[in-house]
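See structure below.
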Amino acid sequence: MRRSAGAPTRALWTLFYLLRDAREGTSRNALAAVAVVLMIALAVGFTGAIALTVRGTHSLTSLLQHQARMRVLLAPKADAASLTGKIRAMPGVRSVSFISKQSELARMERAFTGEVDLSQVFTTNPFPDGLDVLLSNAGEADRIAGSVSSLPGVDRVVYGAQYIRPLLRLAATLKRTGWLAATLFALVALLVSAVTWRLAILHRAAEVRTKQLMGVRPIVIHGQFVAEGALLGLIGGALAALVLVYVAGAFIDNVLTLLPIGSPGRAPYGLLAAGCLIAGVLLGAIGAVSAIGAVARAASTST
Amino acid sequence: MSRADVASRSQSPVPALELDGVSKRFPGTERSVLADASLRVNVGEWLFLVGHSGAGKSTVLKTLYGAVKPDRGHVRVLGTDLASARHFRVRQRLGLLFQSFDLLPQKSAFENVAYGAEILGLPPREAKARAGDMLDAVGLAYASARFPHQLSGGEQQRVGLARALIHRPPVVLADEPTGNLDIDAAHAIHGIFERIHRDWNPTIVIATHSLELIRWAGRRVVRVQDGALFDDEEAVGRRAGAVAAEETS
Numbered sequence: 001m002r003r004s005a006g007a008p009t010r011a012l013w014t015l016f017y018l019l020r021d022a023r024e025g026t027s028r029n030a031l032a033a034v035a036v037v038l039m040i041a042l043a044v045g046f047t048g049a050i051a052l053t054v055r056g057t058h059s060l061t062s063l064l065q066h067q068a069r070m071r072v073l074l075a076p077k078a079d080a081a082s083l084t085g086k087i088r089a090m091p092g093v094r095s096v097s098f099i100s101k102q103s104e105l106a107r108m109e110r111a112f113t114g115e116v117d118l119s120q121v122f123t124t125n126p127f128p129d130g131l132d133v134l135l136s137n138a139g140e141a142d143r144i145a146g147s148v149s150s151l152p153g154v155d156r157v158v159y160g161a162q163y164i165r166p167l168l169r170l171a172a173t174l175k176r177t178g179w180l181a182a183t184l185f186a187l188v189a190l191l192v193s194a195v196t197w198r199l200a201i202l203h204r205a206a207e208v209r210t211k212q213l214m215g216v217r218p219i220v221i222h223g224q225f226v227a228e229g230a231l232l233g234l235i236g237g238a239l240a241a242l243v244l245v246y247v248a249g250a251f252i253d254n255v256l257t258l259l260p261i262g263s264p265g266r267a268p269y270g271l272l273a274a275g276c277l278i279a280g281v282l283l284g285a286i287g288a289v290s291a292i293g294a295v296a297r298a299a300s301t302s303t
Numbered sequence: 304m305s306r307a308d309v310a311s312r313s314q315s316p317v318p319a320l321e322l323d324g325v326s327k328r329f330p331g332t333e334r335s336v337l338a339d340a341s342l343r344v345n346v347g348e349w350l351f352l353v354g355h356s357g358a359g360k361s362t363v364l365k366t367l368y369g370a371v372k373p374d375r376g377h378v379r380v381l382g383t384d385l386a387s388a389r390h391f392r393v394r395q396r397l398g399l400l401f402q403s404f405d406l407l408p409q410k411s412a413f414e415n416v417a418y419g420a421e422i423l424g425l426p427p428r429e430a431k432a433r434a435g436d437m438l439d440a441v442g443l444a445y446a447s448a449r450f451p452h453q454l455s456g457g458e459q460q461r462v463g464l465a466r467a468l469i470h471r472p473p474v475v476l477a478d479e480p481t482g483n484l485d486i487d488a489a490h491a492i493h494g495i496f497e498r499i500h501r502d503w504n505p506t507i508v509i510a511t512h513s514l515e516l517i518r519w520a521g522r523r524v525v526r527v528q529d530g531a532l533f534d535d536e537e538a539v540g541r542r543a544g545a546v547a548a549e550e551t552s
């Protein structure tokens, strides 16, 4: 037959037809497309949320580790200056500062301003003198607290061990398993996406078979579905990115910044959005490849 | 009847279609559909494949377009051995027509026909021009915007034929093309086959049950029987008689 165009031109037109058919295929199978988009959005969203959680916990524990502090309550008539020197010399202690009983009362009064008049509650200042000890590593809080408690003149050591210990354990666990969980979840998401895709294009087996019989190149048949998968994956990834950025924005930037220990820092929005889009495209395309492979094989054996 | 083997019809140096000692048995069945079957179809020849249901007519056609892989033997299409060829390349040189029409349901009649040109990478303008011409040629210009579900069986088959012929293939293979059609629609399809054979002389192989079509067309008839292919001399004889009677009158 007469060929009116060269091979590169024919390849370009073939690509044009492929993309056109991909667009038509997507809009024609709206319900299936919605199912694939939602599945990919969920998969990417959950994986992204796990990644964000791991990152956030890591940042928070880093902050905590570097900002862990304990309050040393002194016995009456204790030598604050001597104790300050001894504690400062201990390994793992970053700084020690003296908090007088007057300044502690003043701090409490400021804290309860407008709510309770402490001068009406206390006839004498009930607070002891104290030392504010800043640690360089929260993991050593127990050891340092033990050492400080045994010093003469120390009444009590108060620190958030009940919060720090579980948080450190959680952080260590998340550090070890978080990325593994995210990877596993991504694999499960890929599998679910492939199954959803297979269901979505199963009823198009006749279309695949007809195209095979007409001599359509396998790469074009596959390419159409891969393009459809990538397009739907892009939409799913964008949905996931919107939700994650919104949630991360609302939670990390508006809530976590209020923590007294400081903010873990803004979530990397650009990276997050790009990651969601790329993950969505990959999930859609790979899911489509696996599904169309099976459907094409089934169609070719039914010809 | 005589075996329709390679030696019996050796007119063109390279046949358009050739089965050479082909055997095929489907998994789970005891009987071979094709057993050492041979067939040679010359360039420009038109033949009918006949045989009872299940005899293997469709298997012969499927073997020719690569949908069935033979257990033994060679299949050559336009000189290309299918065993070593990429099937889509071979199919792009064929025009395939099926009893079940196999139109793309999401495309209109016009788009279905144009798709036959698009898969070759022809530009849209050329594909559309050809599609318009082909729909005209099969008498369906009025239905070009309709979708397959809006067409009758005969109209769908004519769309299928227009799609199969849009690239003027040198070989046309049709599997029961009039099996689902009434007599008028079948005649319309036969008329188109006659016209294209006269116009550009493609090699045509039609698997059919229709004795009327065979008698009317008066072409070579090959019978599929017991896994072998035989030239049906009786049918050839009838054809010769009909031609002689026509010439006498």
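Protein chains in written order, with our numbering: chain A, 1 to 303; chain B, 304 to 552.
Ideal Cβ positions, reconstructed from N, Cα and C, are used throughout, including at glycine.
Alpha carbon to alpha carbon, what distance is there between B/K431 and B/A417?
-> Locating residue 417 of chain B in the second sequence gives position 114, counting from the first residue. Locating residue 431 of chain B in the second sequence gives position 128, counting from the first residue. Distance between the alpha carbons of B/A417 and B/K431: 6 Å.
Report the residues of the region 198-213 of chain A with a CB closer than 8 Å to any CB of chain B, ordered along the chain.
-> Within the region 198-213 of chain A, the residues whose Cβ lies closer than 8 Å to some Cβ of chain B are A206, E207, R209, T210, K211, Q212, L213, listed in chain order.
To which residues does DSSP link B/G398 through a beta bridge?
-> Start at 1 with the first residue of the second sequence, and residue 398 of chain B comes out as number 95. Answer is B/V475, bridged to B/G398.
With burial defined as no fewer than 16 other Cβ atoms inside 10 Å of the residue's Cβ, what is the status of A/Y333: buried or exposed?
-> For residue 333 of chain A there is no data in the structure shown, the boundaries of chain A being 1 and 303.
Tell me B/E321's beta-bridge partners as DSSP assigns them.
-> Numbered from its first residue, the second sequence carries residue 321 of chain B at position 18. In DSSP, B/E321 forms a bridge with B/R343, B/R379.
Beta-carbon contacts of A/A296 that lie in its chain and below 8 Å, excluding the five residues immediately before and after = Within the first sequence, the letter at position 296 stands for residue 296 of chain A. Counting only Cβ-Cβ distances below 8 Å, and skipping sequence neighbours, we find V208, Q212, P218, I221, H222.
Where are the alpha helix (DSSP H) runs, 4 residues long or more, that stay fully inside the region 106-193 of chain A, in chain order?
-> If one requires a minimum length of 4 residues, the alpha helix (DSSP H) runs lying completely within the region 106-193 of chain A are 118-121, 141-149, in chain order.
B/A465 and B/L443: beta carbons closer than 8 Å?
-> As a first step, residue 465 of chain B must be located in the second sequence, where it is residue number 162. As a first step, residue 443 of chain B must be located in the second sequence, where it is residue number 140. Yes. Within cutoff.
B/T506 - partner residues in DSSP beta bridges = Walking along the second sequence from the start, residue 506 of chain B turns up at place 203. B/T506 is bridged to B/V474.
Proximal residues to B/A489 (C-beta, below 6 Å), its chain only, five neighbours per side dropped = Start at 1 with the first residue of the second sequence, and residue 489 of chain B comes out as number 186. For B/A489, where only same-chain residues beyond five positions count, the Cβ hits under 6 Å are T481.
Would DSSP call B/L407 helix, strand or coil?
-> Residue numbering aside, residue 407 of chain B sits at position 104 when the second sequence is read from its first letter. Note: B/L407 maps to coil in three-state DSSP.
Compute every distance between the C-beta of B/T366 and the non-hydrogen atoms of the ligand MG, then say whether any falls below 7 Å.
-> The ligand MG is absent from the structure shown, which contains no ligand whatsoever.
CA-CA distance, B/H470 and B/V393?
-> By one-based count along the second sequence, residue 470 of chain B stands at place 167. By one-based count along the second sequence, residue 393 of chain B stands at place 90. So the two alpha carbons sit approximately 13 Å from each other.
Could you check which residue in B/G324, B/K327, B/A340 has the C-alpha nearest to that of B/L532?
-> Residue 532 of chain B sits at position 229 when you count from the first residue of the second sequence. Closest in alpha carbon position to B/L532, among B/G324, B/K327, B/A340, is B/A340.
Inspect the beta-carbon positions of A/L73 and A/V133 and report whether they are closer than 8 Å.
-> Your numbering for residue 73 of chain A matches position 73 in the first sequence. Your numbering for residue 133 of chain A matches position 133 in the first sequence. No, the pair does not count as a contact, with Cβ atoms beyond the cut-off.
Using a cut-off of 9 Å between C-beta atoms, extract the partners of B/I509 located in chain A.
-> As a working mapping, residue 509 of chain B is identified with position 206 in the second sequence. None at all; the shortest Cβ gap to chain A is about 16 Å.
Residues sharing a beta bridge with B/R526, DSSP | Your numbering for residue 526 of chain B matches position 223 in the second sequence. DSSP lists B/V353, B/F533 as partners of B/R526.
Spatial distance of B/G540 from B/P408 (CA atoms) | The residue labelled residue 540 of chain B in the question sits at position 237 within the second sequence. The residue labelled residue 408 of chain B in the question sits at position 105 within the second sequence. Caution applies to B/G540, whose pLDDT of 48 falls short of 50 and renders its modelled position unreliable; the model cannot decide the point.
Any chain A beta carbon closer than 8 Å to B/D405 = Locating residue 405 of chain B in the second sequence gives position 102, where the first residue counts as 1. Interface residue, yes.
Determine the direct distance from the alpha carbon of A/N137 to that of A/G153, and round the result to whole angstroms.
-> Counted from its first residue, the first sequence places residue 153 of chain A at position 153. Counted from its first residue, the first sequence places residue 137 of chain A at position 137. The alpha-carbon atoms of A/G153 and A/N137 are separated by roughly 25 Å.
DSSP puts B/R501 in a beta bridge; with which residues?
-> For the purposes of this step, residue 501 of chain B is taken as the residue at position 198 of the second sequence. Per DSSP, none; premise fails for B/R501.
Whose CA, out of B/A520, B/L514, B/L397, lies closest to the CA of B/I495?
-> Locating residue 495 of chain B in the second sequence gives position 192, counting from the first residue. Of the candidates B/A520, B/L514, B/L397, the one whose C-alpha sits nearest the C-alpha of B/I495 is B/A520.
Using 10 angstroms around the beta-carbon of A/F251, count the other beta-carbons present and answer buried if the total reaches 16, otherwise exposed.
-> Sequence index remark: in the first sequence, residue 251 of chain A carries index 251 (1-based). Exposed, because fewer than 16 other Cβ atoms sit within 10 Å of the Cβ of A/F251.
Around the C-beta of A/L184, are 16 or more other C-beta atoms found within 10 angstroms, so that it is buried, or is it exposed?
-> Residue mapping note: residue 184 of chain A aligns to position 184 of the first sequence, counting from 1. Under the 10 Å beta carbon count, A/L184 is surrounded by fewer than 16 other beta carbons and is classified as exposed.
Per-residue burial, B/T362 [other beta carbons within 10 Å of its own, 16 or more giving buried] = Working through the second sequence from its first residue, we reach residue 362 of chain B at position 59. Answer is buried; the Cβ neighbour count reaches 16.
Checking contacts by CB at 8 Å: is A/V216 closer than that to chain B?
-> Counted from its first residue, the first sequence places residue 216 of chain A at position 216. Yes, A/V216 lies at the interface with chain B (some Cβ there is under 8 Å from its Cβ).
Give the C-beta separation of B/Q395 and B/L423 to the nearest angstrom, bearing in mind that I take them to be a contact with Cβ-Cβ under 8 Å.
-> Here the question's residue 395 of chain B lines up with position 92 in the second sequence. Here the question's residue 423 of chain B lines up with position 120 in the second sequence. Contact between B/Q395 and B/L423 holds: CB atoms are separated by about 6 Å, below the 8 Å threshold.
Would the beta-carbon of A/L135 fall within 8 Å of that of A/R69?
-> Taking the first sequence and counting its residues from 1, one reaches residue 135 of chain A at position 135. Taking the first sequence and counting its residues from 1, one reaches residue 69 of chain A at position 69. Note that the C-beta distance between A/L135 and A/R69 is below 8 Å.
Can you find a CB in chain B that lies within less than 8 Å of the CB of A/F251?
-> As a first step, residue 251 of chain A is located in the first sequence; it is residue number 251 there, counting from the start. Not an interface residue.
CA-CA distance, B/V546 and B/R518?
-> Residue numbering aside, residue 546 of chain B sits at position 243 when the second sequence is read from its first letter. Residue numbering aside, residue 518 of chain B sits at position 215 when the second sequence is read from its first letter. Residue placement at B/V546 is poorly supported in this model, since its pLDDT is 44, which falls under 50; the coordinates are not used for a value here.
Mind checking B/E549: buried by the 16 CB within 10 Å criterion, or exposed?
-> Here residue 549 of chain B refers to the residue found at position 246 when the second sequence is read from its first residue. Confidence at B/E549 is low in this model, with a pLDDT of 47, below 50, so its placement is unreliable and the value that follows should be read with caution. Exposed, because fewer than 16 other Cβ atoms sit within 10 Å of the Cβ of B/E549.
Would you say the region 106-124 of chain A touches the region 44-53 of chain A, given that touching needs at least three Cβ pairs under 8 Å?
-> no
Would B/E333 be called buried (16 or more neighbouring beta carbons within 10 Å of its own) or exposed?
-> Working through the second sequence from its first residue, we reach residue 333 of chain B at position 30. B/E333 should be labelled exposed.
Rounded to a whole number of angstroms, what is the C-alpha to C-alpha distance between A/R165 and A/F98?
-> Position 165 of the first sequence holds residue 165 of chain A. Position 98 of the first sequence holds residue 98 of chain A. Their backbone Cα atoms lie some 26 Å apart in a straight line.
Could you tell me whether any Cβ in chain B is nearer than 8 Å to the Cβ of A/T14?
-> Within the first sequence, the letter at position 14 stands for residue 14 of chain A. So yes, A/T14 belongs to the interface.
Going along chain B in order, which residues have a C-beta closer than 7 Å to the C-beta of A/R28?
-> For this step, residue 28 of chain A is matched to residue 28 along the first sequence. The contacting residues are Q409.
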